[in-house]
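Residue 5 is where the sequence shown starts when you use this note's numbering, and the numbers rise one by one after that. We treat Cβ as the ideally placed atom computed from N, Cα and C, and that holds for glycine. Following: one structure in structure tokens, then a few remarks.
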Amino acid sequence: MVVKVVAAVMENDGRYFIVKRPMNGQLPGKWEFPGGKMEPGESPEESLRRELMEEFSIETEVGHFIGSHEHQYEIPGLNRINLMAYRVNRISGDIVLNEHTDMAWVAPEEMLQYEFVDADYFLVEHLRAGG
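Spelled out as structure tokens, the structure:
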């Protein structure tokens with residue numbers, strides 16, 4: 005079974021918003037681009053807006069599609085995922101960490117200093133290549 009997941013690429017002055025996963029869940033303590041699983045009947049854009057409101061209390065505008073990547077985790081209980089990434093702009097709200105334990109605004113050349121979830125490395129490489 006392939007789980008559809010969306011990720012937001014938010015940029016501010018050449019730095020990108022990343023967040024650290026909680027220690028009490030899957031892939032504990034790893035960094036990721038914000039987003040989450042799509043719900044049945046949602047478009048990717050609707051899913052991103054919902055996830056960003058739920059997890060960070062921000063209203064967003066979803067921009068252009070960056071790309072997708074399919075990844076199979078070698079961890080029991082984790083399915084194959086199809087990650088779809090979009091450019092996203094924050095419209096309103098101050099970022100609140102409702103689920104994650106830390107956040108950072110990181111330049112592409114600094115991203116390899118962070119341990120990302122495996123599925124997000126295609127975005128790290130995309131941004132490091134000037135995307």
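Within 10 angstroms of the Cβ of V110, are there 16 or more other Cβ atoms? Answer buried if so, exposed if not.
That one is buried.
Mapping DSSP to helix, strand and coil, what is R25?
Reduced to three states, the DSSP call for R25 is coil.
Rounded to whole angstroms, what is the Cα-Cα separation between E65 and V92?
If you take the alpha carbons of E65 and V92, they lie about 6 angstroms apart.
Opposite G134 in the DSSP bridges: which residues?
Looking at the DSSP assignment, G134 forms no beta bridge with any residue, so it has no partner.
In chain order, what are the residue ranges of uninterrupted beta strand (DSSP E) at least 3 long that sit wholly in the segment 18-90?
Assignment of beta strand (DSSP E) within the segment 18-90, counting only whole runs of 3 or more residues, yields 19-24, 39-41 and 63-76 in chain order.
Judging by CA-CA distance, which residue of A11, F21 and V6 is the nearest neighbour of E114?
Closest option to E114, Cα to Cα, is F21.
Check the C-beta distance from H104 over to E59 and give it rounded, since I have them as a contact under 8 angstroms.
Right, the Cβ-Cβ distance comes to about 7 angstroms (below 8 angstroms), so this counts as a contact.
Is it right to say R53 is buried, meaning 16 or more other beta carbons lie within 10 angstroms of its own, or is it exposed?
Taking all protein chains in view, the Cβ of R53 is crowded by 16 or more other Cβ atoms within 10 Å, so the residue is classified as buried.
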